[in-house]
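**Student:** Position in the sequence shown (first residue = 1) + 67 = my numbering.
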Amino acid sequence: MKNTIGVLVAALLLTNAALARTVESATTGVSLTLPPRFSGDYDPDFGAYVLQKGDIQLGLFAYSEGTVPETAVAVSTALEQSGVEIQYDREPRYAESGLFEAYSGRYQSQPIALHICAVAGSEGNTFSAVAMAPKGAEARLEKLVEPLCRSVEWGMPTGRQWARLFWGRRLTAAGSASNFSQGGAGGHGAYASGTTETYDFCRNGQYAYDYRSESFMSIEGMSASSSKTDSHNGQWWLVVDIGGKATMLLDATDGRSFEFHTREQGQGVAIGDTHFTVAQSQRCY
């Protein structure tokens, strides 16, 4: 009998170990063990691990740099963009230990309960978990979410190394097009255009952006030209999420703000859908 019980206990322990999954995000310096029997994976469009068990959906977010309020805003924005309506009946209550809040909401026209937690590590990195289920599941969500934020293991986020690649660099994208057509009865026309776009990223967090586009058109002896310019400067920083996706954030002095996904591409980098070559910046000293 004792041997039988020992075998059963060992089998249960092995089963639980097999069901437990660990998320280790070196880019954000975050690692944690997932609750058992949740299935799912990282969703690059959502910027988080999206997991589900039964009627509970769970999202796990982490960032290489940020604050608890910034992380809470990023998570709520991601939820709202995916169709979740959150009913904010009070201001978020931030504490030294982080943010731990329950809300009501609606998803796909159905009433839901939500629970969110957000905490910060000693290296300036952050983690957040948010769960939602049909209304009435408030206690289950709290029991699920809050231990996740309290069990995070923190480390130095390696995603900051990606930001160092931009220090003191100028990114340039240039393009041109031209066309000449010989029409009937001696008619002809010509068109030419060119664009230049540059970013200068300095180590002190300052950036400068310049854009210029020029075009020229000539038809049957008549011509016209046009140009378009834009420029702004301010603060820049780069944040990497739990799945390793990097986002460039720009806060311009003229009040504008910009957000682009960035990645290595060939011998240069891509910011959004544009490929840039990389060289030393003469603006940064």
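Beta carbons are placed, not taken as given, at the ideal position from N, Cα and C, and that holds for glycine. Quick caveat, the model's predicted, so the values are computed rather than measured.
Quick check: what's the CA-CA separation for R160 versus H328?
**Tutor:** Numbered from 1 along the sequence shown, position 93 holds the residue referred to as residue 160. Numbered from 1 along the sequence shown, position 261 holds the residue referred to as residue 328. The alpha-carbon atoms of R160 and H328 are separated by roughly 31 Å.
**Student:** With distances taken from CA atoms, which of F343, P178, G339 and S324 is nearest G333?
**Tutor:** Along the sequence shown, read from residue 1 onward, the residue named residue 333 stands at position 266. Of the listed residues, the one whose Cα sits closest to G333 is F343.
**Student:** When the Cα of A206 is compared with those of A169, S285, R231 and R88, which residue comes out closest?
**Tutor:** The sequence position of residue 206 within the sequence shown is 139, counting from 1. If we check each option's Cα against that of A206, A169 comes out closest.
**Student:** Verify whether the separation of the beta carbon atoms of I179 and P201 is less than 8 Å.
**Tutor:** The residue you call residue 179 lines up with position 112 of the sequence shown. The residue you call residue 201 lines up with position 134 of the sequence shown. Contact: yes.
**Student:** Around the Cβ of E91, are there at least 16 other Cβ atoms within 10 angstroms (buried) or fewer (exposed)?
**Tutor:** The residue labelled residue 91 in the question sits at position 24 within the sequence shown. It is exposed - the Cβ of E91 has fewer than 16 other Cβ atoms within 10 Å.
**Student:** Since L211 is in the alpha helix (DSSP H), which residue starts that stretch and which ends it?
**Tutor:** One-based indexing of the sequence shown puts residue 211 at position 144. It spans E205 to R217 - the alpha helix (DSSP H) in which L211 sits, taken as one unbroken run.
**Student:** Helix or strand or just coil, what does DSSP make of V336?
**Tutor:** Locating residue 336 in the sequence shown gives position 269, counting from the first residue. Of the three classes helix, strand and coil, the one that applies to V336 here is strand, per DSSP.
**Student:** Going by the CB atoms, is the gap between L125 and A204 shorter than 8 Å?
**Tutor:** For the purposes of this step, residue 204 is identified with residue 137 of the sequence shown, where counting begins at 1. For the purposes of this step, residue 125 is identified with residue 58 of the sequence shown, where counting begins at 1. Not in contact: A204 and L125 (Cβ atoms no closer than 8 Å).
**Student:** Less than 8 Å separating the beta-carbons of G107 and V135?
**Tutor:** Taking the first residue of the sequence shown as 1, we reach residue 107 at position 40. Taking the first residue of the sequence shown as 1, we reach residue 135 at position 68. Result no, Cβ atoms of G107 and V135 do not sit closer than 8 Å.
**Student:** Quick check for students: name the residue ranges of the beta strand (DSSP E) that lie wholly in the segment 134-158, counting only runs of 3 or more.
**Tutor:** List check, beta strand (DSSP E) in window: 151-154.
**Student:** Whole angstroms is fine: what's the gap from E209's alpha carbon to P102's?
**Tutor:** Reading the sequence shown from its first residue, position 142 is the one you call residue 209. Reading the sequence shown from its first residue, position 35 is the one you call residue 102. So the alpha carbons of these two residues sit roughly 13 Å apart.
**Student:** Going by other Cβ atoms of all chains shown within 10 Å of its Cβ, with 16 needed for buried, is R236 buried or exposed?
**Tutor:** Here residue 236 refers to the residue found at position 169 when the sequence shown is read from its first residue. The residue is buried, with at least 16 neighbouring Cβ atoms inside 10 Å.
**Student:** Short of 6 Å in beta carbon distance, which residues of its chain neighbour R88, apart from the five on each side in sequence? Order them along the chain.
**Tutor:** The residue labelled residue 88 in the question sits at position 21 within the sequence shown. Taken in chain order, the residues that qualify are L101.
**Student:** Nearest to S131 by CA position, among E190, P214 and F113, is which residue?
**Tutor:** If you number the sequence shown from 1, residue 131 lands on position 64. Nearest option by C-alpha distance: E190.
**Student:** Could you check whether Y266 and L305 sit closer than 8 Å to each other, using their CB atoms as the reference points?
**Tutor:** The residue you call residue 305 lines up with position 238 of the sequence shown. The residue you call residue 266 lines up with position 199 of the sequence shown. Taking 8 Å as the Cβ cut-off, L305 and Y266 do not qualify as a contacting pair.
**Student:** So, at 6 Å on beta carbons, what are the nonlocal neighbours of R330 in its own chain, with the 5 sequence-adjacent residues on each side left out?
**Tutor:** If you number the sequence shown from 1, residue 330 lands on position 263. Answer for R330: A337, listed in chain order.
**Student:** Figure out for me which residue from D321, P224, S294 and V345 has the closest Cα to the Cα of A313.
**Tutor:** By 1-based counting over the sequence shown, the position of residue 313 is 246. Looking at the Cα atoms, P224 is the closest of the given residues.
**Student:** Figure out for me which residue from L316, G335 and T320 has the closest Cα to the Cα of E326.
**Tutor:** Indexing the sequence shown from 1 puts residue 326 at position 259. E326 has its Cα closest to that of L316, out of L316, G335 and T320.
**Student:** Buried or exposed: which applies to T296, given that a residue is buried once 16 or more other Cβ atoms fall within 10 Å of its Cβ?
**Tutor:** On the sequence shown, position 229 is the one that residue 296 refers to. Exposed: under 16 other Cβ atoms inside 10 Å.
**Student:** Buried or exposed: which applies to A346, given that a residue is buried once 16 or more other Cβ atoms fall within 10 Å of its Cβ?
**Tutor:** By one-based count along the sequence shown, residue 346 stands at place 279. A346 comes out exposed.
**Student:** In the DSSP assignment, find the beta strand (DSSP E) that holds A196 and state where it starts and stops.
**Tutor:** Taking the first residue of the sequence shown as position 1, residue 196 is located at position 129. Per DSSP, A196 belongs to the beta strand (DSSP E) from T193 to P201.
**Student:** Which word fits S143, buried or exposed, when buried means at least 16 other C-beta atoms lie within 10 angstroms of its C-beta?
**Tutor:** Numbered from 1 along the sequence shown, position 76 holds the residue referred to as residue 143. Buried.
**Student:** When you compare the CB positions of F283 and W234, do they come within less than 8 Å of one another, or not?
**Tutor:** In the sequence shown, counting from the first residue as 1, residue 283 sits at position 216. In the sequence shown, counting from the first residue as 1, residue 234 sits at position 167. No, they are not a contact pair.
**Student:** What's the gap between the Cα of T262 and the Cα of D340?
**Tutor:** As a first step, residue 262 must be located in the sequence shown, where it is residue number 195. As a first step, residue 340 must be located in the sequence shown, where it is residue number 273. Their Cα atoms are separated by approximately 15 Å.
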